[in-house]
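Residue 400 in my numbering is what sits at position 395 of the sequence shown, and the numbering runs on without skipping anything. Think of the CB as a built atom: it goes at the ideal place given N, C-alpha and C, for glycine as much as any other residue.
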Amino acid sequence: MVSFLIIPSIVLLFLLFIIPIRRFLSKTRPLPPGPPGLPIIGNLHQLDTSDLSDYLWRLSKRYGPLMSLRLGHVQTLVVSSAEMAKEIMKTNDLVFCTRPALTGQKKLSYDNKDIALSPYNEYWRQMRKICTLHLFSMKQVNSFRSVREEEVFDMIDRIKTQSSMKQVVNLSDDAMVLTSNIICRVGFGKRPSAYNNRKDGTRMFELMSEFQEVLTNFYYRDHFPLMGWLDELNGSIARLEKLFKDLDEFYQEVIDEHLNQNQQNKIQDDMVDILLKLKQDYANDLTFDHVKGILMDILSGGTETSASTVVWAMTLLIKNPDSLNKAQQEVRNAVGKKGKVDEEDLDKLEYLKAVIKEALRLYPVLPLLIPRESRERCVLEGYEIPKKTLVYVNVWAVGRDPKCWERPEEFEPERFMGSSVEYKGADFEWIPFGSGRRGCPGLLLGATTVELALSNLLYSFDWGLPEGTKDIDTLKSEGTVAHKKIALQLVAKVPDIIDYKSSRHLNEAM
């Protein structure tokens, strides 16, 4: 009797539960295609972190421009085409405009009190508006013109000295010193050396280098919430806390100096001055932690990215002598024997601007844009994108999208001549600085710095490879910012056709 009742009970359970579940599942859209993973860890074991953007690009050729990965418990979407980037950053920008709460980013941004890493909320909207108007407006960027020119001309003087002594020029180091000096003077009013507490003057450079490593470090708690204790065990959290303490001391030193200085003797406000004045106007919304978070954005976003762009542009020009000659002739014809390129000359340099855009297409400073996160469920191309999906836009792949670029692996600045493509991200085949609500607010400052530096390097020197060097590699480093892995070392010679004078003498004569 009991066994007789079991059979209809099982059938009833099947009808009540199994069939509705199957109907629900049949209506659920599939995730985008992607490589099969393992239980628990998903696809983590498959990632080639030595060159992640290139690895994901190659993988997308098999699985498509919308590719699913599972990194531990985190559902992840990799976007690898201009068409799909537009879907993320324009069509569905409001869905994908927030940031994930990752361990390193959250800690170093003072619990997301910056702009770049903050989630999308009312605070972010207000701070983005304030910083766009008061820190990165065209008027504000133009007000720091003298700082940019002084630092670029000083770099040219240093290289001229090396040239006269037949020394090899380490352009990777020179570019980093240049952009660090500019950003620190614009941001804090002083060069980085003024804040060094050691004789070799490397404090800030070491902090920024450590920042890039720790920010992108793998933290177990981001992918396996129950295994966060492993971050304590392997020292990751201790390293993060130490860096945060060191950076906080540095930021506080800068703030204290500005609070205690005599403002009447200042010729021009720097960005810390502006932020401290804004803090008085927005006392309830802007704390010192917010100021420090924004300082983190200014330092990390302005130094390495501009330096990397200058180095990659010079690398590609050296590897393509015809383009190098064309760019130099344009600059020298436009400037004549003036002895330097100033910012008034930049609008005349169409080919130079094309060189920079082509360098950023092939070697974007952020090959994987800062990750986004979906705020709600979404459907893309018929695929289900769950809420809180981590989204990476692979700019490295987008710049090589064959649907947008002919001969995408070739360096051809001419493709940008007469083109309407601009830095703001409206053209999704070229988005080195992102697009939409999360586009880079400081791109005008960065672009002007790169154009001024590169034009003066091309105007002031003839460039060649050191003796015994036949070619230059194009390997890129690991990390958020794609630097040239091996430093760019070149030989600089002052050309006979230019009546070159020291920039210091030029400034004195003006």
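In this structure, Arg405 sits near Trp62, with a CB-CB distance shorter than 8 Å.
Secondary structure note for Arg226: its alpha helix (DSSP H) is the uninterrupted segment 225-228.
Annotation: the region 349-393 contains the following complete segments of the alpha helix (DSSP H) (minimum length 4 residues), in chain order: 355-367. DSSP, read as helix, strand or coil, puts Asp467 in strand. Inter-segment contact for the region 381-399 and the region 345-356 is absent: fewer than three beta-carbon pairs are separated by less than 8 Å. DSSP, read as helix, strand or coil, puts Gln273 in coil. Residues of the same chain with a CB within less than 7 Å of the CB of Tyr428, apart from the 5 flanking positions on each side, are Phe438, Leu448, Ala452 in chain order. Between Ala87 and Phe433, the beta carbon gap of about 4 Å places them in contact (Cβ cut-off 8 Å). Taken through DSSP and simplified to helix, strand or coil, Ser142 comes out as coil.
For Pro230, the closest of Val174, Ser214, Gly77 by C-alpha to C-alpha distance is Gly77. Residues of the same chain with a CB within less than 6 Å of the CB of Leu107, apart from the 5 flanking positions on each side, are Asp227 in chain order.
Counted as a single uninterrupted DSSP element, the beta strand (DSSP E) harbouring Gln494 occupies residues 494-498. Here the C-alpha atom of Gly192 lies approximately 30 Å from the C-alpha atom of Lys343.
For Leu82, there is no enclosing alpha helix (DSSP H); the residue is part of the beta strand (DSSP E) that begins and ends at 79-84.
Close CB contacts of Glu156 within its chain, under the 8 Å cut and outside five residues either way in sequence, are with Leu183, Asn186, Ile187, Arg190 (chain order).
Taken in chain order, the whole alpha helix (DSSP H) runs of length 4 or more contained in the region 403-465 are 448-465. Contact check for Leu457 and Val370: beta-carbon distance about 17 Å, past the 8 Å limit, so the pair fails to qualify. For Val100, no alpha helix (DSSP H) encloses it, and the DSSP letter there is neither H nor E.
As far as DSSP is concerned, Ser65 takes part in no beta bridge. DSSP lists Lys481 as the bridge partner or partners of Lys489. Cβ-Cβ distances below 7 Å link Met89 to Pro70, Leu71 in the same chain, with the five nearest sequence neighbours on each side left out; the list follows chain order. Taking C-beta atoms as the reference points, Leu321 and Ala359 fail to come closer than 8 Å.
DSSP places Tyr60 in the helix class (H, G or I) of the three-state scheme. The straight-line gap separating the alpha-carbon atoms of Glu237 and Met160 is approximately 44 Å.
Under the DSSP definition of a beta bridge, Val259 lacks any partner.
In this structure, Leu235 sits near Tyr225, with a CB-CB distance shorter than 8 Å. Take the alpha-carbon of Cys102 and the one of Lys331: they are about 41 Å apart. Nearest in C-alpha terms to Asp253, of all of Arg337, Lys297, His139, Thr33, is Lys297. In this structure, Leu36 places its C-beta atom within 8 Å of the C-beta atom of Tyr388. Residue burial annotation: Arg75 is buried, with at least 16 other C-beta atoms found within 10 angstroms of its C-beta. In the three-state DSSP reduction, Arg208 falls in the helix class (H, G or I).
Leu138 places its beta carbon 8 Å or farther from that of Ile279. By the CB criterion at 8 Å, Arg196 and Thr454 fall outside the cutoff.
Here Val173 carries a coil assignment [DSSP, helix/strand/coil].
Taking C-beta atoms as the reference points, Trp317 and Tyr368 count as a pair closer than 8 Å.
Taken through DSSP and simplified to helix, strand or coil, Ser168 comes out as helix.
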